Structure formats: C-alpha cells, structure tokens
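First up is the structure itself, then whatever we jot down about it.
Number of protein chains: 2
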Amino acid sequence: MNVPASSTPSSGVEKVVQHLRARFDEDLEQVRAFLRTPSVSYTGQGIQETARQVAGFIRGLGGTASVVPTAGHPIVFGRLDQQAAHTVLVYGMYDVMPADEPNWSSDPWAAEIRDLPGLGLSVIARGAVNTKGPLAAFFRAVEAYRHVAGRLPVNLLFAIEGEEEMGSRHFLPFVESHREELGAADAVLFPFFSQDEAGVPSLTLGTKGILYFELECRGGDWGGPTERGIHGSNNAWVANPVWRLVQALATLVDEEENPKVEGFLDGVTPLDPAEREILRRQVESGLMDERPFMQFEHVRRFKGGLRGVPLWERLFGQPQFNIDGLVGGYVEEGTKTLLPHRALAKLDVRTVPRMDPDAVAAAIRRHLDAHGYADIEMRVLNNYPWSKVRLDEPAVQAMVETYQTMGRTPQIWPLNPGSAPYYVFERVLGIPYVTGGLGHGGRQHSTDEYCTVQGILDFEISMVRWMDAFSRRMDERKR
Amino acid sequence: MNVPASSTPSSGVEKVVQHLRARFDEDLEQVRAFLRTPSVSYTGQGIQETARQVAGFIRGLGGTASVVPTAGHPIVFGRLDQQAAHTVLVYGMYDVMPADEPNWSSDPWAAEIRDLPGLGLSVIARGAVNTKGPLAAFFRAVEAYRHVAGRLPVNLLFAIEGEEEMGSRHFLPFVESHREELGAADAVLFPFFSQDEAGVPSLTLGTKGILYFELECRGGDWGGPTERGIHGSNNAWVANPVWRLVQALATLVDEEENPKVEGFLDGVTPLDPAEREILRRQVESGLMDERPFMQFEHVRRFKGGLRGVPLWERLFGQPQFNIDGLVGGYVEEGTKTLLPHRALAKLDVRTVPRMDPDAVAAAIRRHLDAHGYADIEMRVLNNYPWSKVRLDEPAVQAMVETYQTMGRTPQIWPLNPGSAPYYVFERVLGIPYVTGGLGHGGRQHSTDEYCTVQGILDFEISMVRWMDAFSRRMDERKR
C-alpha cells in the first residue's frame, strides 16, 4: 500500500534527524538511566519517584506537568504548548511488570547492553520495550526537535499513567475528569517500538473489545451437593455440578466453536472493503504470513482448516468465544473419587465492530436461562468495547508515510485481535489514535526483555518525522 | 427381616461374653496401645513395626504367622488351626491414612479417651475406626473365646495387608500366589464397626466395581496449540482443547447424566427380587431414610427428583458415570486470558452386576472415536469389577443373626455404592465374604477420627457370636 505524500517533509526535519544521529550516545544513556529506576505497579516499587521523573522530563522540555493523584498510582498530566495549529495527546505508561522471573542473564534494572544473536546490540531491562524505552526516547526526540527547529510543529498534551499493567483501572475516571483539556487534542499517539524481528512494522486500526466473565455452577435446588464435595459414589443418586456446567457450556458453541447463542453475532460488521483489499494484498504478497506464527506457537491447523486470506479475515473480522479456564473437583494425580459441589469456567468474548458487549452478555444470560440453566451464575469481570480508527485519519496516514519514508512497508492490521481500552480515546474523547514508531524489542513480561540499540535511534527519527507529517496532513485536511 | 435361628447359640458363648465384659478395661488398653503405633502406608512410617505386631498377635493366640514381603508393604499371613470343620479367612489392614489434617483436638497417635456429645466416651485416634480399632479388638475377642471355651468353633486364616489406603496394590498377587492355602476357607470376614450414629448396623451384599479413567485433549493435527498455552486472543483463529473436551464430554451423557454411550448399560441386571423386597420394606418402615443423608451432605434434590423406594433402587441398582475432576487453562482469580493447549477430565464409572468393566471402557473408547474424538486420549487408572454375595450365605446369615440377637435390626444394602476389591475373594478364591460387627466410629480420613468405647465391647461380643453362629449354620448346611 502506498500513501501519497502530497507534500515533502519540512526541510527542518532532516536537520533534526542529523542532530539525533550525532548525539545518539547521549540519548542512549538517558534511556538506560530511565530504565534503571524500577516502577512496578503491582508492588508500588519506585512508582512515585518515576512519576516525578516523567513530570521532570516534560518540564525540562519547557512544558508544565503535574502528578495527578488517583485512587491508585498517579497519572502524569502535562502540556507543551508550541503555539501550533494542531495538538497531539501523548498517551503512555511509566509502570512495568515485576521482574521476578528466574534466569535473567543480567540485572533487569541494570539496562546492560549486550550483543543478541541476529538482533545486534540491545538493552536488557524490564520496560525496555514495554514501554519505558520508547517513552524515554520520545522525550529525547521532542528535545532534539525543539533544540534544532526552535519549536515543534504540534502542541503536545501528556497523559502518562502508572497502572497500565494492572488494567488501567483509574485511567477512565482521569480522562472523564479532564475531558475538556484532553478533548482539545486532534489525535492520540501511543509511542511504541512496532517492528518485528524481521524489521516489519505493524499498524493496527483499532482493537477488539473484551467481555470476560465467569460461569459458576453450584449444587442447589436442581441437585448436587451444595456445601462441599462428597464421596464420589453418591453420583449414583446425586447429580454433579461439573456435568451440568459441561452440558451448559456445550450448548454455547457448536463443534467448530461457532457461537450458538441467539443474538451473539448481532451487529458484526464485515471488514471495511478498503481494509479488506489491503489485507488481501498483504497476504498475497507474503507481507503477512501465518507460517511463522504456526511455527512459533506450535499450531498445526487453524479453525475450519483455513489458510491465507480467509484465515486472516477470520482473525480480524470475527469475534471469538474462548474458554480461558475450566475447573471442578479433584484434578491432581491419582484416582481420588469425588462428587464436587461446584465447577467454574472463565470465558472471554472478543468483540468486533459493531457488536454491543452488553448485548452479548445479555444474550448469553438469556441463552442459559432458556436452556434451563438459570441457576448458573454469570459474573462479568471485565467489559469494554472494541474501538476502530479509519485508515485515512491523518495520524494514521502520517505513521504509514513515516514508515515508508524510512524504507519500511508496514503490515496494516484492521484490528488488534487482542484488546486494549482505546475506546477511552475514540468514544469518551471522540478523537482518533495511533500506536507506533519504528524500533524493535521483545520478551515483554518475560525474562531478558530487550530493545535493540539501533531501534532506539530509528524510533526517535520516526517520531520526529511523524510529528512533521501529522502536522502537514492536518494542514492539508483543513484547506 | 427376620433370619430364623434354627439352633440356639452354643452355651459356651454366653460365658465368653461374660468374660469379655469382666475384663474389658484390659482390652480397651490393648486396643489403645495398638493405635499408638503409627502405620502410615503413604509414608511408610511404622509399617514394618506394625506388621510385626500383628504377626505377634496371631502367634500370641497360638497360631503361626509370617510377614510376607511384597513389592510394597508386607502382608501378614497367619493360621490358627483349631481342628474345626470350617475355616474363616480374616481379611484386614494394618495401615492407616496420614494424620496431617489440621486441628486434631488431641494427638492422633495418643488414643486419648474423650466424652463426645451424643456419642459418649470415645477413643480419638487415626485408625480408631478405619480399621486398626476393630482389628485389635478382633484379636482380643478370639483370645477371650479360646481362654473361656478352650478353642474356637472355626479355624482362622489371616491375610492382613498394609496398603489398603493405597489401593491394595499388592494384595491380588498375594492372593494369587497363596490361592491354595487361602482357598481352603469357607468364608471371608472383614471385621469392622458397622453401626451408624443412631446405632443401626448396615450389611452390604457386595460392592460396585470401579472403572476410573482420564480423558485428555491436547492440541494436535485437529487444531489447538500443541506445546503450551498461548495468548487468548488467538482463539479467533485457533481452536481450543478445552472446548473440544467439553463437547466430547457432553456427548457421553444426557442432561440428566444418563449415559448415551452405546453398550454402556449392557449386562446391567435388576436387583434380585428378594433383596428388592427387603429394600422396599426397609424404606417403607423408615429403617432406611434418605433425609439424614440430605441433611448431612447438604443435598436438596436427588437425580430425577426421586425419593423413597425408587431412589434407593437407583442407588443400589444403577451404575454411575461421574466426573471427579475437570481442569484446563487458567483457573485462578482475575481476568488472565489464555488459549490452553490441554484439558483433562477424571471420570469414574461404578459398575453393577453384571456389567463387564472392560466392555464399558471399550464402549466409551468406541463412542469417542465414532463422534470424531479419536485424538482424545483415554487412560484407565483403575479397573476392577463389582462383586456380589448372596443373602443366604451362612457368613451373611450369621451376621444378621448376631445383630438381631444383640437387639439390632440391620439395614441390608444390596450393594455398597462405593467400590472395594472384594472380587479378589469372590472371583479369584471363589468364596463368599462378609464385612461386619457391631461398634461405631466416624471421621475416617479426617480430623479427630474416633470410635466409641462401648462400641469396642459390643464389637468383641458380636465377633464371638458371629463365629459361633457361622459354625452352626455351616454345620446345618452340611446336614
């Protein structure tokens, strides 16, 4: 896919890029320094100090920043007014997962540089890719832009939270209570290293929503033991809640896992024709290929035996109805017999446009009731909607242009098949968003998380080019 | 039910009973002493010492005994030849479960005596009821009989194993290799405290068999991740082994848990008309009542809404197809998403006369294959058949007579709904068996296992009366 660049990059941009290349050693050290402060949201370790650091970065750029308390960890809210015509809200996170995995090859808070086979020099640190590495590098890119060009082509707002790894539990209230300030932005940018190991960047045009719920069957008026598991031989005359949950679950989908719940698929909208065409070309050209996935994840066959274009259309275009976990009774080694008193299933539905997650939840409840399982308790643990961004949004087009300018053809993903609460931007604030930047890292949430050194520089350059491209495209749209 | 006692108890028996009453303090101390030696088959603690103690008891009675090694814990094999016309094989176990449950109110190996509400003075000890208490008391009853009457009315053989709590894993080979000696017995007696809390003894005329197996579904050529769980969002294009196992399980039974496996019920034989009539009378007279069970086990409704006679006929006359446990994926707190690579179910079938457990296993395998689940692995972990004893066997009739003589009307259970490997006696040796004796205890495998002090004396008396009655009834049968 080619995005026409109707105007050339501003002349100042190349000077900024030159400056970034020239002083990269200094930036690399600053990124590593930021990674050396732990900021573990689950334990609270270093959270306050890191929030203050982030606010300091913004102030150091000439902006204003406050560390806004929440019922959990604070959110850093900042502004960098450049008297520009357009404004970007930079969303980010300063928290990371714990680093208690075994066998780190160096201290996860040391940010040591090592030569990784096939990847080159890389920084090993918790947060290297997810996402303190890109966050720190973004601040350096902004600094360079201002240093060389005097000012940025856009105004920046910052909303950097400290609970992303815990489900962003206080971000929605923050956005709602800062709706006026944040809503002034023209687009949201989540700076992130988006290249895979082969160097191909990907760009998602939205994300599926998630409805995560539990179904619990307990003994009750219908039968079964109600208080505790009893001797297994009583199943001759007492029914089993595990069988009951199995029977109830089996009514929800067919043998191919297609939902049998009436109303489940209501609202499901086919992929946008333009995006579908892009997808087809990406698959047919080999830019998207399921074979590496099959090898890496040890999968031999996809649902329905699909391959190629129809497979990718299914991944992006269809919701899923997954069992994350199921448990009841005695599940250890050996031959203990038991008639259990309860069984529990954990399920998630990933919703696509334009499903209504509340309607899906209601449809499942109705289905269970209609099939005689009114006693089975349904507990919704998480529920937020899908969100979608148009490919022709200037923020998105600017990212594609940036990648192309830097010699990379991105994979365009119509949706992230996972889930992220970007509806906060799309629905609450009503502004489009984009996640991106060059750069590569890996092993998120795992031992020896890393990002490549080269990727940090490429990322900085891509952020400079994106700000310029976004500004130009916004200007063009207004004309 | 009345059992005609065609001859009166031998005159000597009453003297033995008098002697037991007179010297009971001494017997109680000896039973407590035996309970104070731990003999935990799972850990091996005290096993060898206790086996030697048991052999010593038999020799102390004037018999011969050897501690027979097995690939596991030894079996005590003994003989006490009394030049009698009939021989009883005493089956027993000297091992117990571990006593590592929390909150024992006194040391499980101290055998302290306490006054339990509603039960009276009781011995608190691991093994008090299951079954070192009755075993020790049985030896004391034999000793008293010989002391007063000079000799027993029957010869005794002893086969006392040390792995009952681990599934009697070396008992069958022992029996097979001692077939000639053991097969000389006319009946098997398993001495046990058989009264419930209300004082009603029960007598089972056999036991269901058990087919315990696992079904495991793993990702494979059919789909699913094959090596490890992967990110839950991949369920959009990769199938889920948990769903597959749920669907497979759901084909096995209907919503009332009735088996849908062709051939599953082959051979199931209705209850014997005489036993069925006894059952009817017991239920209608209130001797058997499901209400205490419902209260104690917290069950509000039985399968099919049954109550009364049809309910009890179901318990004794029908096999069961139980899920003991089911697990797959993420089953802890919270909303972690996962596409699991395996799911496991543990099931047990309790077979009734005259089902063939191997045929049942084969039918389940065929069913899974025919429904497209050939990939689901079936692992049989335990499999032994039902066994049945006729009510008119002298060993059984003698037990009924003993209970009646001592003022107790027993509940006759056509089958034990649980399972025990008594087929070893019925099928391998071809001799009938009976479990019984007065006495009461409870909390087997649990905190504060106990037996009542009064029950120990009643048990001793019942064993003396049973030996006498069995001998007479065997004599009568021969005439």
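First to last, the sequence lines map onto chains A and B. Numbered according to UniProt numbering, the first sequence spans residues 1 to 479. Numbered according to UniProt numbering, the second sequence spans residues 1 to 479. We put the beta carbon where it would ideally sit given N, CA and C, even for glycine. Bear in mind the structure is a predicted one, so any value in this text is a computation, not a measurement.
Between the C-alpha atoms of residue i and residue j, what's the straight-line distance to the nearest angstrom?
{"i": "A/A359", "j": "A/A248", "result": "20 Å"}
{"i": "residue 490 of chain A", "j": "A/D272", "result": "In this structure chain A extends from 1 to 479, so residue 490 of chain A is not present and cannot be described."}
{"i": "B/V396", "j": "A/E216", "result": "46 Å"}
{"i": "B/V123", "j": "B/D100", "result": "18 Å"}
{"i": "A/G206", "j": "A/K388", "result": "4 Å"}
{"i": "B/G162", "j": "B/G372", "result": "44 Å"}
{"i": "A/G325", "j": "B/Y330", "result": "4 Å"}
{"i": "B/N235", "j": "A/Q404", "result": "32 Å"}
{"i": "A/M294", "j": "A/R307", "result": "11 Å"}
{"i": "A/T64", "j": "A/L80", "result": "7 Å"}
{"i": "B/L311", "j": "A/G224", "result": "15 Å"}
{"i": "B/P108", "j": "B/D448", "result": "7 Å"}
{"i": "B/V76", "j": "B/V352", "result": "31 Å"}
{"i": "A/S471", "j": "A/A85", "result": "8 Å"}
Between the Cα of residue i and those of the options, spot the shortest distance and give me the residue it belongs to.
{"i": "B/E313", "options": "B/M399, B/E275 and B/H341", "result": "B/E275"}
{"i": "B/V453", "options": "B/G63, B/P98, B/I58 and B/I113", "result": "B/I113"}
{"i": "B/P319", "options": "B/E333, B/G325, B/N235 and B/G267", "result": "B/G267"}
{"i": "A/N322", "options": "A/E333, A/R379 and A/L252", "result": "A/L252"}
{"i": "B/Y384", "options": "B/L311, B/D375, B/A361 and B/A398", "result": "B/A361"}
{"i": "A/L429", "options": "A/T435, A/P421 and A/S462", "result": "A/P421"}
{"i": "B/S10", "options": "B/L381, B/C451, B/V148 and B/R23", "result": "B/V148"}
{"i": "A/K132", "options": "A/L326, A/G72 and A/V96", "result": "A/V96"}
{"i": "B/S462", "options": "B/E476, B/L415 and B/M406", "result": "B/M406"}
{"i": "A/L157", "options": "A/W104, A/L279 and A/H178", "result": "A/H178"}
{"i": "A/A125", "options": "A/F34, A/G118 and A/F138", "result": "A/F34"}
{"i": "B/V261", "options": "B/A85, B/E460 and B/H367", "result": "B/H367"}
{"i": "B/P241", "options": "B/G304, B/V327, B/F459 and B/E332", "result": "B/V327"}
{"i": "A/A185", "options": "A/Y433, A/S446 and A/A370", "result": "A/Y433"}
{"i": "B/P340", "options": "B/A137, B/I230 and B/N258", "result": "B/I230"}
Which residues mark the beginning and the end of the alpha helix (DSSP H) in which residue i is found?
{"i": "A/V67", "result": "Careful: A/V67 lies outside any alpha helix (DSSP H), inside the beta strand (DSSP E) at T64 to V68."}
{"i": "B/V464", "result": "V453 to K478"}
{"i": "A/W243", "result": "P241 to A250"}
{"i": "B/L35", "result": "F24 to L35"}
{"i": "B/P98", "result": "B/P98 -> no alpha helix (DSSP H), and no H or E assigned at all."}
{"i": "B/V123", "result": "First-last for B/V123: G120 to I124, but that is the beta strand (DSSP E), not the alpha helix (DSSP H)."}
{"i": "B/W312", "result": "G308 to G317"}
{"i": "B/D369", "result": "P357 to A370"}
{"i": "A/A111", "result": "Note, A/A111: premise wrong, no alpha helix (DSSP H); not H, not E."}
Which residues of chain A have a Cβ atom closer than 8 Å to the Cβ of residue i, listed in chain order?
{"i": "B/H231", "result": "G418"}
{"i": "B/Y212", "result": "T335 and T337"}
{"i": "B/A479", "result": "Inspection of the sequence shows that residue 479 of chain B is occupied by Arg rather than by Ala. Those within 8 Å of B/R479 in chain A number zero; the least Cβ separation is about 40 Å."}
So with CB distances below 8 Å, who are the chain B contacts of residue i?
{"i": "A/N240", "result": "E257, N322 and I323"}
{"i": "A/W413", "result": "The premise fails here: A/W413 is roughly 12 Å from chain B at the closest Cβ pair, so nothing lies under 8 Å."}
{"i": "residue 483 of chain A", "result": "The requested residue 483 of chain A is not part of the displayed model; chain A covers only 1 to 479."}
For the beta strand (DSSP E) containing residue i, name the first residue and the last one.
{"i": "A/T204", "result": "S202 to T204"}
{"i": "A/I431", "result": "A/I431 -> no beta strand (DSSP E), and no H or E assigned at all."}
{"i": "B/F171", "result": "It is not in any beta strand (DSSP E) - B/F171 instead sits in the alpha helix (DSSP H) that spans F171 to S177."}
{"i": "A/A343", "result": "R342 to T351"}
{"i": "A/M378", "result": "E377 to Y384"}
{"i": "A/L438", "result": "A/L438 -> no beta strand (DSSP E), and no H or E assigned at all."}
{"i": "A/I230", "result": "Where A/I230 is concerned, there is no enclosing beta strand (DSSP E), given that its DSSP letter is neither H nor E."}
Just to make sure I have the definition right: I need the residues of chain B whose C-beta is within less than 7 Å of the C-beta of residue i. Which are they?
{"i": "A/Y384", "result": "Result: empty, since nearest Cβ-Cβ is about 11 Å, beyond 7 Å."}
{"i": "A/N103", "result": "Within chain B, no residue comes near A/N103; the closest Cβ sits about 17 Å away, beyond 7 Å."}
{"i": "A/W466", "result": "Ordered by position in chain B, no residue passes the 7 Å Cβ test against A/W466, which lies about 27 Å from the chain."}
{"i": "A/V40", "result": "Chain B residues near A/V40: none, gap ~17 Å exceeds 7 Å."}
{"i": "A/V253", "result": "W243"}
Could you tell me which chain A residues have their CB closer than 7 Å to the CB of residue i, listed as they occur along the chain?
{"i": "B/Y94", "result": "Going along chain A, no residue has its Cβ under 7 Å from B/Y94, so there is no contact; the nearest lies around 22 Å."}
{"i": "B/R350", "result": "S233 and A236"}
Would you say the beta carbon of residue i is closer than 7 Å to some non-hydrogen atom of the ligand GDP?
{"i": "A/P153", "result": "As far as ligands go, the structure on display features none, and thus does not contain the ligand GDP."}
Give me the Cβ distance between residue i and residue j, rounded to the nearest whole Å; I'm assuming they're in contact under 8 Å.
{"i": "B/N382", "j": "B/Y212", "result": "4 Å"}
{"i": "residue 485 of chain B", "j": "B/T50", "result": "Residue 485 of chain B lies beyond the range of chain B shown here (1 to 479); nothing can be said about it."}
{"i": "B/M399", "j": "B/L152", "result": "In fact, because the Cβ distance is near 17 Å, the residues do not count as touching under 8 Å."}
{"i": "A/D375", "j": "A/G220", "result": "5 Å"}
Name the chain B residues that come within less than 9 Å of residue i, Cβ to Cβ?
{"i": "A/H298", "result": "G219, P225, T226, E227, R228, I230 and H341"}
Along chain A, in chain order, which residues have C-beta atoms closer than 9 Å to that of residue i?
{"i": "B/L326", "result": "V242, L245, V246, L326, V327, G328, G329, V331, P340 and A343"}
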